[in-house]
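Report on one structure; see the data block that follows.
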Amino acid sequence: MTPQETVVALTRHIRGAVRPHLGAWHGRTISGTAASGDATFAIDDIAEEAIVSFIEKEKLSIAYYSEDKGLIEFGSSPEGVLIIDPIDGTRPAVAGFESCVVSVALADYTADVTMGDVRFGCIQEIKSDQMFLAERGKGAQWIGSDGASTDLRLLPITEITKAPLSYEIVARPIEWIATALGDIINDASTKGGCFVFNSTAFSLTRLLTGQLAAVLDVGARILKDHPASRDRYVELGRGTPIGLFTYDIAAAALIATEAGAIVTDAHGNSFDSTRLLDTSESNLKSIVAASNSTLHDKLMRAVDVGVAKISIAEKGL
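Under this note's numbering, residues 841 to 1157 are what the sequence shown spells out, in order.
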């Protein structure tokens, strides 16, 4: 198999192992704490076991990096590194909802590898047969449930008031998320629609399907801009701030970008220089993604205004 074929095969293998357990009560059991600090569910353990079984069966000389296990090497000289979130959207998965995916990205294995070094990405929906692929510089592809390539449907919407969008709240202080995104949500909720999917990778692929026009996660920006908020993040993370890391977006950010979407952090910066194999607090990420540059610019201005308001709220705590 080519490296790209290997990524696709691994993605399908993980999905095959996990799918029978969607919505099952045994999958809800908390089995530990991930390298990121987030809770590990029993269904996550099943997914991680599927990664190892595939790599060992195929006798791959490769490293992989995941939320639950961190960095693991197979072979004396790994030929590349797989950045894997075997279930992005574990909470939806244990509930049996659709917003859960397998995410696998491939990059060269170097000490200073970054998001800009990701060469190939694959997202497989767990509950359906849809898949999303991208190779850097060669565009993105949406494979429908019938196995055929489907035309991308990035929305031309440029007004926040008409934009369907998603945002993230897990372990983010909702009181400050509401302040930062309140105007955006109020503007978009009626004619556009506002959704919480608990899966950034799933949300980013909705830009390709035309179901969303924007994806927002401002948690890490609030933490960086307002250091006094850290204690609250530690409280909600049960001991450590948790949020968006590279394994969540390594594949999906490449896919969305190659499809023509605009994807940056919530300060408007590119992810290209972001350290790929780092789940330290300093590498927590935020995201603002949109189906076109005009909408992205408007969202960035609104986020700037919203996050600035939090300084007033902090004084009252």
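C-beta: ideal position from N, C-alpha, C; glycine also.
Small disclaimer: the values here were computed from a predicted structure and weren't measured.
The C-beta separation of Ser1006 from Ser1043 comes to about 4 Å, placing the pair in contact by the 8 Å criterion.
When the beta-carbon positions are compared, Thr1040 and Leu995 stay at least 8 Å from each other. Per DSSP, reduced to three states, the secondary structure at Gly856 is helical. Across the structure, Gly1108 and Val1128 are spaced so that their CA atoms are roughly 8 Å apart.
About 7 Å separates the CB atoms of Thr1114 and Asn1123; that is less than 8 Å, so the two are in contact. In terms of Cβ geometry, Pro926 and Ser906 form a close pair [threshold 8 Å].
Of all C-beta pairs linking the stretch 1048 to 1067 to the stretch 951 to 960, fewer than three are shorter than 8 Å, placing the two stretches out of contact. Straight-line spacing of the CA atoms in Ala849 and Gly1022 works out to 42 Å. Measuring C-alpha to C-alpha distances from Asp1065 to each of Val892, Ser893, Ala1148, Ile883 identifies Ala1148 as the nearest.
Here DSSP, grouped into helix, strand and coil, assigns Phe1037 to coil. Within the same chain, and ignoring the five residues on either side of Glu913 in sequence, the residues whose Cβ sits closer than 7 Å to its Cβ are Ala903.
For Gly961, DSSP records a beta bridge to Ala945, Ala974. In the structure shown, Val1010 falls within a coil segment according to DSSP collapsed to helix, strand and coil. When the five nearest sequence neighbours on each side are left out, the beta carbons in the same chain lying within less than 8 Å of the beta carbon of Arg976 are those of Val958, Arg959, Phe960, Leu1094, Glu1098, in order along the chain.
Around the Cβ of Asn1026, a 10 Å sphere holds fewer than 16 other Cβ atoms; the residue is exposed.
Residue range 910 to 914 is occupied by the beta strand (DSSP E) that includes Gly910, with no alpha helix (DSSP H) assigned at that position. Gly987 counts as exposed, since fewer than 16 other beta carbons sit within 10 angstroms of its beta carbon.
In the three-state DSSP reduction, Leu1116 falls in the coil class, being neither helix nor strand.
For Lys967, the three-state secondary structure derived from DSSP is coil. Assignment of Thr1030 by DSSP, reduced to helix, strand and coil, places it in the coil class.
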